[in-house]
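With the numbering used here applied, the sequence shown covers 11 to 270.
Where is the CB? At the ideal position from N, CA and C, for every residue including glycine.
Structure first, commentary second.
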Amino acid sequence: MTTPSTDFATVGTDYAAYSEGGRGLLRHEIVARRLVAELGDGPARVLDVGCGDGEMVLRLAAAGHHVTGAEVSSDMLERAEEKLAAAALADRVRLVEADIYELPFAGEVFDAVCCHGVVMYLPDSAEPVARLARLVAPGGILSILTKNALAVGVREALQGEYDSAVAQIESGRTASMGNLGYVTRGDTPEHLDRLARDNGLTPLPWQGVRTFHDHLPKNWRPEQEVFAKALTVEWAASTRSPYRELGRLVHTVARREANA
Ligand SMILES: C[S@@+](CC[C@H](N)C(=O)[O-])C[C@H]1O[C@@H](n2cnc3c(N)ncnc32)[C@H](O)[C@@H]1O
Numbered sequence: 011m012t013t014p015s016t017d018f019a020t021v022g023t024d025y026a027a028y029s030e031g032g033r034g035l036l037r038h039e040i041v042a043r044r045l046v047a048e049l050g051d052g053p054a055r056v057l058d059v060g061c062g063d064g065e066m067v068l069r070l071a072a073a074g075h076h077v078t079g080a081e082v083s084s085d086m087l088e089r090a091e092e093k094l095a096a097a098a099l100a101d102r103v104r105l106v107e108a109d110i111y112e113l114p115f116a117g118e119v120f121d122a123v124c125c126h127g128v129v130m131y132l133p134d135s136a137e138p139v140a141r142l143a144r145l146v147a148p149g150g151i152l153s154i155l156t157k158n159a160l161a162v163g164v165r166e167a168l169q170g171e172y173d174s175a176v177a178q179i180e181s182g183r184t185a186s187m188g189n190l191g192y193v194t195r196g197d198t199p200e201h202l203d204r205l206a207r208d209n210g211l212t213p214l215p216w217q218g219v220r221t222f223h224d225h226l227p228k229n230w231r232p233e234q235e236v237f238a239k240a241l242t243v244e245w246a247a248s249t250r251s252p253y254r255e256l257g258r259l260v261h262t263v264a265r266r267e268a269n270a
C-alpha cells in the first residue's frame with residue numbers, strides 16, 4: 011500500500027494558517043507538553059511520521075531531543091526544512107521523504123515514535139500502527155494523534171450545522187469534513203489502545219484534545235493572555251471525563267516495556 015489518500019502539496023498554505031492559528035497552537039501545545047513530560051531529560055531519539063511542516067520536530071528538537079521527521083509530501087518537507095533552518099536546530103534534526111507504508115528505518119528504533127494528524131487521512135489505523143510500533147525501542151513510546159470518533163457531530167452542532175450534526179450523531183458515522191477540506195476518519199481511544207496492545211505496547215492515559223475551542227473560526231487568533239487561559243482549561247480537560255471524550259482529537263500514548 012502506498013501514498014496518502016490526500017495530496018498535501020495542495021493544502022500546505024491552509025495547513026500553515028491552521029497550524030499557526032489558535033486552534034492549531036492549542037493542539038501543538040497540549041501534545042508537545044505531554045511528550046516532553048513522557049520523554050524526560052533525554053536526549054531521546056524521536057521519529058515523527060507525517061511530520062508536515064515540522065512543528066513537532068522543531069518543538070522536540072528545541073527541548074533537546076534528536077528528531078527524525080518523515081514526510082511523504084515534498085512540499086511539506088520543504089516547509090519543514092525552511093522552518094528548521096530558521097530555528098538553527100539542524101544538528102539535532104534529520105528530515106526524510108518517506109511514506110508511512112514504506113519507512114526506510116530497518117534496524118533502527120526510537121524512544122518515541124509520533125504520528126500526529128495522519129491516520130485520519132488513511133483507510134484504517136491498524137496497519138500504520140503496526141508499522142510504527144515496530145520502530146519503538148524498549149522503554150519507548152508510541153504517540154498517535156487523530157480524530158476522535160467519540161465526538162462525532164460536536165463541532166458541527168456548536169457551529170450551527172444542525173443537519174450534519176444530527177446525521178452524524180444518529181448514525182455514529184465518524185467520517186466528516188476535516189479542517190483542510192478533506193473528509194477524515196475517526197478512531198475511538200479504546201480502539202487505538204487495543205491496537206497498541208496488539209503490537210506489544212502498554213497504553214498510558216489518553217487525552218482528548220480541543221474540547222472547548224474546536225468550533226471557533228479558522229482565523230481565531232486570541233491575545234497571548236487569553237490563549238494562555240484557553241490552554242490551561244483545555245489541558246485540565248484533556249485527561250478528565252467527561253470532557254476528554256468530547257475533544258475533537260484523541261491523543262493516545264503507549265509504552266513498550268523496558269525489558270521487552
Ligand atoms: C494534517 S498534516 C499533520 C502534520 C503534522 N504531523 C502535524 O501534526 O502538524 C498531515 C500530514 O501527513 C502527511 N501524510 C499523509 N499521508 C502520509 C503517508 N502515507 N505517509 C507519510 N506522511 C503522510 C501529509 O503529507 C501531511 O503533511
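Inset, instruction - Could you tell me whether the Cβ atoms of L49 and T78 are closer together than 9 angstroms? - result: Numbered from 1 along the sequence shown, position 39 holds the residue referred to as residue 49. Numbered from 1 along the sequence shown, position 68 holds the residue referred to as residue 78. In this structure, T78 does not lie closer than 9 angstroms to L49 by Cβ.
Inset, instruction - To the nearest angstrom, report how far apart C125 and G32 are at their CA atoms. - result: Taking the first residue of the sequence shown as 1, we reach residue 125 at position 115. Taking the first residue of the sequence shown as 1, we reach residue 32 at position 22. Cα to Cα, C125 sits roughly 21 angstroms from G32.
Legend entry - Beta-carbon proximity list for I9, same chain, < 6 angstroms, skipping 5 on both sides: The requested residue 9 is not part of the displayed model; the chain covers only 11 to 270.
Legend entry - P148 versus A100, N209, Y131 and D101, residue with shortest Cα-Cα distance: Working through the sequence shown from its first residue, we reach residue 148 at position 138. Nearest option by C-alpha distance: N209.
Legend entry - Rounded separation between L226 and G64 - CA only: Mapped onto the sequence shown, residue 226 falls at position 216. Mapped onto the sequence shown, residue 64 falls at position 54. Each residue's Cα considered, the two are about 24 angstroms apart.
Inset, instruction - Would you tell me roughly how many angstroms separate the C-alpha atoms of V82 and G60, rounded to the nearest one? - result: The residue you call residue 82 lines up with position 72 of the sequence shown. The residue you call residue 60 lines up with position 50 of the sequence shown. Approximately 7 angstroms, taken between the alpha carbons.
Inset, instruction - Would you tell me roughly how many angstroms separate the C-alpha atoms of G170 and V176, rounded to the nearest one? - result: Translated into positions along the sequence shown, residue 170 becomes position 160. Translated into positions along the sequence shown, residue 176 becomes position 166. In a straight line, the C-alpha of G170 is about 11 angstroms away from that of V176.
Legend entry - the segment 239–259 contacting the segment 40–47, beta-carbon criterion three pairs below 8 angstroms: Yes, they touch.
Legend entry - With 16 other Cβ atoms within 10 Å as the buried cut-off, status of T212: The residue you call residue 212 lines up with position 202 of the sequence shown. Taking all protein chains in view, the Cβ of T212 is surrounded by fewer than 16 other Cβ atoms within 10 Å, so the residue is classified as exposed.
Inset, instruction - Verify the contact flag: V59, CB atom, against every heavy atom of ligand 1, threshold strictly below 8 angstroms. - result: Along the sequence shown, read from residue 1 onward, the residue named residue 59 stands at position 49. Yes; taking the cut-off as 8 angstroms, the Cβ of V59 has a heavy atom of ligand 1 nearer than that.
Legend entry - DSSP three-state assignment for P138, whether helix, strand or coil: For this step, residue 138 is matched to residue 128 along the sequence shown. Residue state, collapsed to three classes: helix.
Legend entry - Proximal residues to D197 (C-beta, below 6 angstroms), its chain only, five neighbours per side dropped: As a working mapping, residue 197 is identified with position 187 in the sequence shown. So the qualifying residues of the chain are S135, T156 and A159.
Inset, instruction - Whole angstroms is fine: what's the gap from E137's alpha carbon to L214's? - result: Your numbering for residue 137 matches position 127 in the sequence shown. Your numbering for residue 214 matches position 204 in the sequence shown. Straight-line Cα distance between these residues: approximately 21 angstroms.
Inset, instruction - For F237, name the three-state secondary structure that DSSP assigns. - result: One-based indexing of the sequence shown puts residue 237 at position 227. Correct three-state label for F237: helix.
Legend entry - Whether N269 touches A27 by CB criterion (9 angstroms): Counting from 1 along the sequence shown, the entry for residue 269 is found at position 259. Counting from 1 along the sequence shown, the entry for residue 27 is found at position 17. Cβ distance not < 9 angstroms, so N269 and A27 don't count as in contact.
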